[in-house]
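Below you'll find the structure, written out as structure tokens, and then a few comments.
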Amino acid sequence: MKDIAATVSVSLKYPVTEKKLTAIINSGKTEDKYLPHIFALFTDVPVADLFFFVGKNHISLPVFKTYYQMHVKKFYPNHELEEALAVK
Numbered sequence: 002m003k004d005i006a007a008t009v010s011v012s013l014k015y016p017v018t019e020k021k022l023t024a025i026i027n028s029g030k031t032e033d034k035y036l037p038h039i040f041a042l043f044t045d046v047p048v049a050d051l052f053f054f055v056g057k058n059h060i061s062l063p064v065f066k067t068y069y070q071m072h073v074k075k076f077y078p079n080h081e082l083e084e085a086l087a088v089k
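Our numbering numbers the first residue of the sequence shown as 2 and each following residue consecutively.
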């Protein structure tokens with residue numbers, strides 16, 4: 002499993018931690034400063050690694066799915082993730 006924080010921060014000016022990503026997703030809200038990181042998380046990270054991240058950081062699948070649908074899907078749909086979430 003790759004380092005999620007490094008993956009989503011690689012092309013951005015400032016890094017983000019997994020703890021911060023987790024807090025943002027669990028809050029259900031967006032933070033403009035971290036939107037590029039969030040979009041990268043949901044689009045650049047392989048689905049298997051996303052589910053590992055979710056489990057490791059104790060994010061419930063309904064919260065994760067709702068966050069994706071509310072804040073990411075309309076801008077950067079990830080059909081592979083959507084298929085996986087439909088099965089989960």
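Just so it is clear, CB atoms sit at the ideal spot from N, CA and C, and this is done for glycine as well.
The alpha helix (DSSP H) enclosing residue i, as first and last residue numbers
| i | result |
| --- | --- |
| Pro37 | 36-45 |
| Lys57 | 48-57 |
Residue i - DSSP class collapsed to helix/strand/coil
| i | result |
| --- | --- |
| Val17 | coil |
| Ser61 | coil |
| Thr67 | helix |
8 Å contact criterion, which residue i and residue j should meet: CB distance rounded
| i | j | result |
| --- | --- | --- |
| Phe54 | Ile5 | 5 Å |
Alpha-carbon to alpha-carbon, residue j and residue i
| i | j | result |
| --- | --- | --- |
| Phe65 | Asp45 | 16 Å |
| Thr8 | Thr18 | 11 Å |
| Leu13 | Leu22 | 15 Å |
| His59 | Asp50 | 14 Å |
| Ser28 | Lys57 | 17 Å |
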